[in-house]
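Position one of the sequence shown corresponds to residue 73 (the working numbering), numbered consecutively onward.
Even glycine gets a Cβ: it sits at the ideal position worked out from N, Cα and C.
Reading through the structure tokens given below for one structure.
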Amino acid sequence: MSIVVERLGQGQDLVLLHGWGMNGAVWHGIVPLLSPHFRLHLVDLPGFGGSPLAEGVEYDLPWLAREVAAVLPVRAHLLGWSLGGLVASRIALDHPERVASLVTVASSPCFLAREEWPGIAPKVLDGFMAALGGDFRQTVERFLAIQAMGSEHARDDIRQLKQWLAERPAPQLPALTAGLTMLAEVDLRDELAQLTTPWLRIYGRLDSLVPRASIPLLDGRYPHSEHQVLAKASHAPFISHPEAFVTGLMDWLAKVDKK
């Protein structure tokens, strides 16, 4: 397995993990803001972008976390967006000594709506899974549109996501299928209560995939964590509001470093 990692900038190590259907190029909009302060590691998850997926692997979250952890610096700040937030959380749970801090962006320890838990409606994920059997590229584009829904810059956000997606090889179908299965099945809510690593949760208030109703529930479960909400952002706040996103992130990381 060969995982592609684009490395830029100088300073403390900051690893960025993308979401479902995307690749490491999705971070290029905020690279100029972060690279003067951090050594950035933009990871293409297996089966996405330039990271080929070998046949016969059991593509699940523990495997994915192990593969990614193997290419990370000895110790780093770890940031994951959406599905990447699940990967980052699994790494922080399994290798806490490797993670200086955890930042999850528009992510949830349990993406699927369940009894008394807000999340993605099961029929939505079922629909995407069924659609992958047809034109999976069109399915990915539909998902991009949902991610931007509600943003005041929705059309621009979608265009930018498509542009970055096209910079690298198309995602592989087995990785897309496995990623949707993780979104539907993974539930880290109980395990993350044991996490002692500094943890920041960043949300877009208009996000339709990670409803803001989950924020106070997670505050109650994880009092050791902190959250930030970008009022006019949706599922990709670092694309729609890069300056505000980076300012909030860097202020929090500076506070962590002082402890």
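Smallest Cα separation from H225: which of L89, E139, P309 and R79?
P309
Suppose you measure from the CA of Q300 to the CA of D207; what does that come to, to the nearest Å?
36 angstroms
Within a Cβ cutoff of 6 angstroms, which residues of the same chain sit near P259, ignoring the five residues on either side of it in sequence?
The question names Pro, but residue 259 is Asp in the sequence shown. If we look at D259 and ignore the five residues flanking it on each side, its Cβ neighbours are C182.
Since I believe L112 is in contact with L88 (beta carbons under 8 angstroms), could you give me their beta-carbon distance rounded to a whole number of angstroms?
6 angstroms
Have a look at the DSSP bridge pairing and note the partners of G81.
R111
I'd like the ranges of any beta strand (DSSP E) spanning at least 3 consecutive residues and lying wholly in the segment 249-294.
271-276
Is DSSP giving W189 helix, strand or coil here?
strand
Relative to the alpha-carbon of D279, which residue among A250, S312, Q266 and E298 has its alpha-carbon at the smallest distance?
S312
Sufficient close CB pairs (3 or more, under 8 angstroms) joining the segment 125-145 to the segment 271-278:
no
Following the continuous beta strand (DSSP E) through A172, name the residue where it begins and the one where it ends.
V171 to V177
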